[in-house]
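The structure appears right after this line, and notes come after that.
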Amino acid sequence: MKIPPCATWDPNGVTIAGNANGNSGTNLRSLNKPVTIFIDNNYTLYVCDRDNHRVMKYYENAVNGIIVAGDTGNPGSSATRLNEPKGVAVDQEGGVVVADSLNYRIQRFTPGSLTGVKIGHSTATTPLGETRELRIDVNNVVYVTDSDYSRIVKFFPGSLVGTIVAGTAGTGPGANQFDKPYGTFVNESKILYVADNGNHRIQRWMPAANSGTTVAGITGSSGPGLKRLNTPIAVAVDNNG
């Protein structure tokens, strides 16, 4: 769907998930510190309900959500539990893929199943730290933001071991570095955009590039000015780039 450049929005929001009064909870109407969302082509909303250790699905105009991953209020590392999920997306087969942040793994839940299958994890050669975001491209390649190691790691289908795709030089302000990256966005051309939280900037990485280009913000300089950002945590790119 293309959004015209002259589009305007109603300044008043409508609550579509969680309690409008701001109260947290564990029932199917409530959320507890939701952190990331995903919307599929049918406008179905998926929410990482972090502190309830679950992922919720909301059909359009639904009042209550449906648990599609996790056990409400019970963190754990079994196949049916999550520990502070912080990223969710749906793959080309309809599987719900979750960045199971504090279990340092990527879990996939087939439609209708609450039992996850591990499709990515931390290893001695490629350790996976606390994940903040998860994206899937059209080839079902999973991209996750690894904040602990200041890099973006991708997992090819069928491989549990990740490949570093951006941020190969540790934490820092360099063009080949990040400082606590958070949100990401991958377009159809596999161009990667990263909200580089600690460096107060948005970085763009072309496919197979060894370094990124700053497209928003000024490296290491936060502020309220129109050229600056202050600890950005999410990024999205429209159809006009």
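Add 1033 to a position in the sequence shown, counting from 1, and you land on the number used in the numbering used here. C-beta: ideal position from N, C-alpha, C; glycine also.
In this structure, I1224 keeps its C-beta atom at 8 Å or more from the C-beta atom of V1268. Contact annotation: R1165 and T1178 have beta-carbon atoms nearer than 8 Å.
Per DSSP, the unbroken beta strand (DSSP E) holding G1250 starts and ends at 1246-1250. Looking only at T1113, A1132, I1152, T1196, the smallest Cα-Cα distance to L1167 is reached by A1132. Assignment of beta strand (DSSP E) within the stretch 1178-1239, counting only whole runs of 3 or more residues, yields 1184-1188, 1196-1199, 1214-1219, 1225-1229, 1234-1238 in chain order. The alpha-carbon of I1169 is positioned some 19 Å away from that of G1200. For the stretch 1070-1133, the full-length beta strand (DSSP E) segments reaching 3 residues or more read 1078-1082, 1087-1091, 1099-1103, 1118-1123, 1129-1133 along the chain. Per the C-alpha coordinates, the member of S1057, T1246, N1263, G1245 positioned closest to G1253 is N1263. Taking the Cα positions, Y1079 is about 9 Å away from V1101. For L1135, the secondary structure class from DSSP, reduced to helix, strand or coil, is helix.
The residues R1141, in chain order, have a CB closer than 6 Å to that of V1150 in the same chain once the five nearest residues on each side in sequence are set aside. Setting aside the 5 residues that flank it on each side, R1184 is surrounded in the same chain by I1197, G1200, each with a C-beta closer than 6 Å to its C-beta; the list follows chain order. Under the three-state reduction of DSSP output, L1259 falls in the coil class, being neither helix nor strand.
The residue among V1174, K1187, N1172, N1136 with its C-alpha nearest the C-alpha of T1159 is K1187. Using a Cβ-Cβ distance cut-off of 8 Å, the stretch 1034-1043 and the stretch 1060-1073 are not in contact, since fewer than three pairs of beta carbons, one from each stretch, lie closer than that value. Beyond the five residues adjoining it in sequence on each side, V1248 comes within less than 6 Å, by CB distance, of I1235, R1237 in the same chain, given in chain order. Closest in alpha carbon position to G1109, among D1271, S1255, L1135, N1054, is L1135. Excluding five sequence positions before and after G1203, the CB atoms of its chain that fall closer than 7 Å to its own CB belong to S1183, Q1210, given in chain order.
For P1067, the beta-bridge partners assigned by DSSP are D1082.
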